[in-house]
Amino acid sequence: MSRQRMTPVVIGVAWLVSLGAVFVLGILSAFAFHRAPESVMDAGLGGADRELAFAMESLAGEPADLAALKSVSARDAFPAQLERALDRLAGMAPGVRRSFYTEALVRGLPMRPVVASVQHLAEQPPSEGRRALSRELLRRWGELDGRSAAAFAGTRTAEAVRTEMLEAVLAGWARVNAGDAWNWAMRQEVSEAVRSRFLGRVAVAEAEVDLESAVARVGGLEETALQPGVMRALTDWLVDNLGGEQALPWLVEMDPEGLPLDLIVYFARRWADTDPWMAAEWAGGLDGTAREEVYGAVAAQWASREPAEAARWAYGLPRGMERMTMLRRIVEQWIRLEGLEFPTEWLAARDPDPDLDGAIEAVVVALVELNPAAAFSWAMSIVDRVRREVAADAVARYWLEVDPEGAAPVLAEELPASVARDLFEEPEPPPAAPDPPEDSAEDEPAEVPPADETEFREGDIDDPEFYFENGGY
């Protein structure tokens with residue numbers, strides 16, 4: 110057979126074979142989409158689907174069936190694969206691993222499996238893991254349909270966690286429609302504290318997608334009773350996500366007429382969590398009353414984590430009452446946190462300074478019952494004479510009471526003679542009551558002489574004959 114006669118036959122056969130191959134591959138591809146493993150590296154999958162497929166395979170121990178997970182038909186059963194993944198995730202220990210899988214699983218689920226998952230968890234015995242997973246699923250439901258999610262959370266969740274679950278719904282709802290979520294929260298018949306929590310959650314969720322709108326919404330809140338809690342919630346978010354320095358302009362924008370002092374103090378305390386030096390430097394530019402309040406908040410927060418650094422900052426302040434107050438507060442916190450060793454070493458290394466008197470008094474108070482001798486020595490190092498005498502006198506009296514033999518020689522040598530004499534002199538006992546005469550009858554009532562039966566008339570006092578010397582009666 111010649112080449113020319115074979116060519117049409119070969120071409121025809123090849124065409125039929127290729128057509129059949131395409132048909133078979135199409136069937137296999139369709140079958141693989143439903144039954145075969147989903148490759149997380151498949152270029153056709155979006156980021157959320159890749160994460161969902163990876164989480165499902167890791168949790169359920171088998172390839173993800175995305176077709177079943179993505180089904181929107183109400184007639185389709187709750188995927189058994191998803192049920193197994195949820196149960197394993199709910200039983201997982203808290204931590205980064207559980208958080209990662211929860212985010213990956215929940216973010217890619219559409220409405221139907223989200224609702225089915227929430228209902229499934231609601232029917233299971235309560236646990237910390239199921240509670241955390243339900244919260245994230247309700248947040249996702251809030252993104253997809255806030256009103257139905259709020260209706261479910263408000264009626265179908267346990268009363269002990271209802272507020273928490275509604276907050277989760279609002280966090281998701283506000284990311285797509287903050288206005289509706291805000292209005293829903295304002296209409297609820299709940300306490301002001303709970304409503305403030307709801308609105309704060311909406312503000313924070315909106316800030317994640319539109320910070321300017323969130324700040325304007327909170328600033329326009331007219332109910333003064335709700336403002337502090339909502340403003341604090343947004344302040345927390347600003348400091349945590351932007352840092353104190355970048356949060357400042359937004360705080361000013363929240364209330365251009367002037368923020369309340371308690372919110373300024375709260376902001377400074379939060380800022381001091383991450384950057385106390387900058388918070389303290391900013392506080393130095395405030396006026397007197399506000400500066401003292403903010404300094405106190407910064408000092409307390411700073412001293413709870415880095416007391417030595419806080420003391421170094423306070424010691425560098427200008428001399429005066431403000432410096433003395435901050436040093437005392439820091440040393441008091443330092444003693445509570447680490448005991449007496451380190452703060453006393455720090456104070457001992459400083460030169461005498463009246464601004465350290467308050468800090469030394471804090472040491473005396475903490476030391477007096479543990480070691481009266483050392484407490485007395487510290488009291489005598491106070492620079493201000495009046496404060497020194499008061500502290501030394503208080504310690505000396507306690508010391509004499511618990512250890513008179515050890516206290517007496519030291520006090521006699523260290524205290525002025527007049528002060529020591531007053532301490533050592535025995536108080537005179539009160540005079541004793543005289544003993545009653547032996548023949549006295551204290552318990553018998555005294556005899557009352559009989560009344561003169563002579564009638565006294567009002568006019569007799571003016572009658573000269575009334576008196577004996579005049580021959581009267």
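Residue numbers (this note's numbering): 110 to 582.
Every residue, glycine too, gets a C-beta built ideally from N, C-alpha and C.
Assignment of Phe187 by DSSP, reduced to helix, strand and coil, places it in the coil class.
Minimum Cα-Cα distance from Glu237 among the listed residues Ile469, Gly200 and Thr272 corresponds to Gly200. Close CB contacts of Val511 within its chain, under the 8 Å cut and outside five residues either way in sequence, are with Pro481 (chain order).
Distance from Val348 to Ala342 at the Cβ level is roughly 11 Å; contact not present, criterion being Cβ atoms closer than 8 Å. Per DSSP, the unbroken alpha helix (DSSP H) holding Arg284 starts and ends at Arg271 to Arg296.
Scanning its chain for C-beta atoms nearer than 8 Å, with the 5 sequence neighbours on each side dropped, one finds around Trp359 the residues Leu320, Val324, Leu347 and Leu351, in chain order.
Residue nearest to Thr383 within the set Thr272, Glu298, Val407 and Ile373 is Val407 (criterion: CA-CA distance). A straight-line Cα-Cα distance of about 40 Å links Arg193 and Glu301.
For a cut-off of 8 Å, the C-beta gap from Ala399 to Leu370 is around 6 Å, short enough to register as a contact. In its chain, beyond the 5 residues on either side, Gln442 and Leu446 have a beta carbon closer than 7 Å to the beta carbon of Ser413. Between Leu456 and Leu449, the C-beta gap is not smaller than 8 Å, which leaves the two residues out of contact. Residue state for Thr344 is assigned as helix, using DSSP reduced to three classes. In this structure, Gln190 lies near Met165, with their beta-carbon atoms less than 8 Å apart. Between Arg256 and Gly263, the CB-CB gap reaches or exceeds 8 Å. One alpha carbon belongs to Trp422, the other to Thr344, and they sit about 25 Å apart. At the C-beta level, Val278 and Arg248 come within 8 Å of one another. Excluding sequence positions up to five before and after Arg265, its CB lies within less than 7 Å of the CB of Ala231, all in the same chain and listed in chain order.
Collapsing the DSSP output to three states places Asn480 in coil.
In this structure, DSSP gives Leu524 a state outside helix and strand, which the three-state scheme calls coil.
Following the DSSP letters along the chain, one finds Asp371 inside the alpha helix (DSSP H) bounded by residues Leu370 to Thr383.
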